[in-house]
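Q:
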Amino acid sequence: LRELENRILFAEITPKGQILTCIADHFANRLPCENWMIRDKTHEMYLIHQAGRPWFLLHGEKIEEEKIRQYSGKEKEMERLWKGFCTSIAIQDRTNPILQRQNLALHYRRDMTEFST
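Residues in the sequence shown are numbered from 18 upward in steps of one, following our numbering.
In structure tokens form, the structure reads like this:
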């Protein structure tokens, strides 16, 4: 989850199946006092949680892309630090793309900060 300028925690996922209801309680139990939203890009569904309230699903609605791309300054700094950490611990001589693909399928990488450009 990444913090937007309006302090909502937001994530996008591209799952093959409809899993939002399966992960909803996990996030609701761990972040009960936070406002957050998880977007399933594959099925155009949103899992939405308002602080102190039960989660709900929203289907078929469109959210303005520019609003969900406005990350907070703190979030941008954390992303920069995380990418820097991943780069600094990588050992270039030991890079093994075949093993990486075996342990982390390529379709998951589009949703991960460390693989974004």
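Yeah, the Cβ is synthetic: ideal placement off N, Cα and C, and Gly gets one too.
So Y63 and L48 are in contact, right, with Cβ under 8 Å, and what is the actual spacing, rounded?
A: Not a contact, Cβ separation roughly 16 Å.
Q: Taking the alpha-carbon positions, what's the C39 to R118 distance?
A: Going by the C-alpha atoms only, they are around 26 Å apart.
Q: Give every residue of the same chain whose Cβ lies closer than 6 Å to the Cβ of A28, excluding the five residues on either side of it in the sequence, and list them in chain order.
A: Excluding sequence neighbours, A28 sits near L18, I55.
Q: Once you ignore the five residues that flank L116 on each side, which residues in its own chain have a CB closer than 6 Å to its CB?
A: Cβ neighbours of L116 beyond the five flanking positions: none.
Q: For Q87 versus E20, is the C-beta spacing smaller than 8 Å?
A: No.
Q: Rounded to the nearest angstrom, what separates R126 and S133 at their Cα positions?
A: Rounded to whole angstroms, R126 to S133 spans 8 Å at the Cα level.
Q: Where does the unbroken alpha helix (DSSP H) through A28 begin, and where does it stop?
A: From DSSP, A28 is part of no alpha helix (DSSP H) but of the beta strand (DSSP E) over 26–30.
Q: How would you call D110, buried or exposed, if buried means at least 16 neighbouring beta carbons within 10 angstroms?
A: Exposed: under 16 other Cβ atoms inside 10 Å.
Q: Going by DSSP, name the residue or residues bridged to R56.
A: Partner(s): E29, Y63.
Q: Nearest-angstrom Cα distance between M95 and Q35?
A: Going by the C-alpha atoms only, they are around 29 Å apart.
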